[in-house]
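In UniProt numbering, the protein residues as written are 1 to 211. Glycine included, C-beta positions come from ideal geometry on N, C-alpha and C. The block underneath contains the structure these notes are about, expressed in structure tokens.
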């Protein structure tokens, strides 16, 4: 497992540098907008997407066939991608969250509590979305799965915008802070359940896949 993670981290080094540069640019934008959650959201999205890049690299190098000549089982290969996803998502969230908290203190807008809550929520959303994406990637590969991934990312965004407009049109009251806190407390358990189910589905797909 450690060897597989190290392999992916080394392969992602170049892409990681580009992500760091992009996050730095986004940091400037978020400063001008005084919007820490914007930076956190974009940073977490970009770091999470690196797991797709790692799968694309593996496909291009036909890594899976080589990996199975070593003392590895298919379940290990799948598990490593899920561990990598969590690692990348948490690192992106923590680093951008720290920067967001510094913005709160130095520029005196928003609160650290709000930034940390946004950070936690964004990490949960990223893990949820990529829990849906990974089985698709294992089933179809990166190239064939692009349109399906567009639907996975696009449909929730469309539904959120549509729901927000309905709330505004019919004067539906927005959730209170207490209600949002309850959702935030419960969401890790829901996401964890979906994450485990996603892993099991991916293992089933990958074990039946001919390499």
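Report the rounded CA-to-CA distance for residue i versus residue j, giving the unit in angstroms.
| i | j | result |
| --- | --- | --- |
| residue 37 | residue 100 | 7 Å |
| residue 109 | residue 116 | 14 Å |
| residue 153 | residue 167 | 22 Å |
| residue 183 | residue 44 | 20 Å |
| residue 72 | residue 125 | 31 Å |
| residue 16 | residue 7 | 14 Å |
| residue 20 | residue 129 | 22 Å |
| residue 3 | residue 76 | 11 Å |
| residue 56 | residue 202 | 16 Å |
| residue 133 | residue 146 | 10 Å |
| residue 227 | residue 148 | Because the chain in this structure spans residues 1 to 211, residue 227 falls outside the shown range and cannot be described. |
| residue 66 | residue 59 | 11 Å |
| residue 180 | residue 114 | 11 Å |
| residue 64 | residue 94 | 31 Å |
| residue 34 | residue 208 | 49 Å |
| residue 173 | residue 31 | 30 Å |
| residue 165 | residue 155 | 15 Å |
| residue 25 | residue 131 | 28 Å |
| residue 187 | residue 14 | 33 Å |
Can you tell me whether residue i is buried or exposed? The criterion is at least 16 other CB atoms within 10 Å of its CB, across all chains shown.
| i | result |
| --- | --- |
| residue 151 | exposed |
| residue 123 | buried |
| residue 104 | buried |
| residue 195 | buried |
| residue 163 | exposed |
| residue 68 | exposed |
| residue 111 | exposed |
| residue 84 | buried |
| residue 160 | exposed |
| residue 47 | buried |
| residue 157 | exposed |
Kindly indicate which three-state DSSP category residue i falls into: helix, strand or coil?
| i | result |
| --- | --- |
| residue 68 | coil |
| residue 6 | helix |
| residue 99 | helix |
| residue 37 | helix |
| residue 173 | coil |
| residue 59 | helix |
| residue 73 | coil |
| residue 210 | coil |
| residue 22 | helix |
| residue 108 | coil |
| residue 52 | helix |
| residue 197 | helix |
Enumerate in chain order the residues of its own chain whose CB-to-CB distance from residue i is below 7 Å, with the five nearest sequence positions on each side excluded.
| i | result |
| --- | --- |
| residue 18 | none |
| residue 12 | 50, 53 and 54 |
| residue 5 | 80, 83 and 84 |
Spatial neighbours of residue i within its chain, please: C-beta separation below 6 Å, excluding the five flanking residues on both sides.
| i | result |
| --- | --- |
| residue 41 | 122 |
| residue 23 | 43 |
| residue 92 | 43, 44 and 47 |
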